[in-house]
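Residue numbers (our numbering): 132 to 305.
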């Protein structure tokens, strides 16, 4: 049987010549539009989520105990097929024993009657989305409509944009 002829080929990674160029002003406008859209689509954690976000693999989710995680975070397992939105909603609707945690700020009311976990992460906490870190673990991107602040874990978050393969602006993840 004859040996097949093998030809060595160099990889061709040329970008199309018609790749659109964009200015910094256009990129900043796209970032503002994407951020505004994310804020508008954010759902209040104390209301049942309308949308579904199904987890595709087993991982963990980081859920802050207080605003900017000043008193740490709870790390919960998330199994494949679980709706992440429902998990977050149920976690923050659990009752909370405020007497065991003196000094924690309840943003909703001061009498600590039937306190819920969401009352300690801001006056109007909304889930704007999720960030998947390098280990595949989930972090919640929060938007507080009353405070007008967006935060995740101990830091404030912001978006960056890049031109996608289709020529449309997309969120650039770190």
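Yeah, the Cβ is synthetic: ideal placement off N, Cα and C, and Gly gets one too.
According to DSSP, residue pairing for residue 272 in a beta bridge involves 260.
Selection 140, 209, 252 evaluated against residue 280 yields 252 as nearest (Cα-Cα). In the three-state reduction of the DSSP assignment, residue 202 falls in the coil class, being assigned neither a helical nor a strand state. Put simply, of 292, 304, 268 the residue whose alpha carbon is nearest the alpha carbon of residue 159 is 292. Contact between residue 165 and residue 290 holds: CB atoms are separated by about 5 Å, below the 8 Å threshold.
Around the Cβ of residue 154, a 10 Å sphere holds fewer than 16 other Cβ atoms; the residue is exposed.
Per the coordinates, the alpha-carbon of residue 270 lies some 22 Å from the alpha-carbon of residue 236.
The Cβ-Cβ distance between residue 219 and residue 244 does not fall below 8 Å. Listed as beta-bridge partners of residue 194 by DSSP are 205. Of the residues assessed, residue 188 falls on the exposed side of the cut-off, its CB having fewer than 16 other CB atoms within 10 angstroms. A Cβ-Cβ distance of about 6 Å is found for the pair residue 214 and residue 184, placing them in contact under the 8 Å criterion. Taking every protein chain shown into account, the CB of residue 250 has 16 or more other CB atoms within 10 angstroms, so this residue is buried. DSSP, reduced to helix, strand and coil, places residue 159 within a helical segment of the structure shown.
Pairing residue 276 with residue 255 gives a Cβ-Cβ distance under 8 Å. Looking at 190, 197, 167, the one whose alpha-carbon comes closest to that of residue 248 is 197. Assignment of residue 231 by DSSP, reduced to helix, strand and coil, places it in the helix class.
Going by C-alpha positions, residue 232 is about 48 Å away from residue 299.
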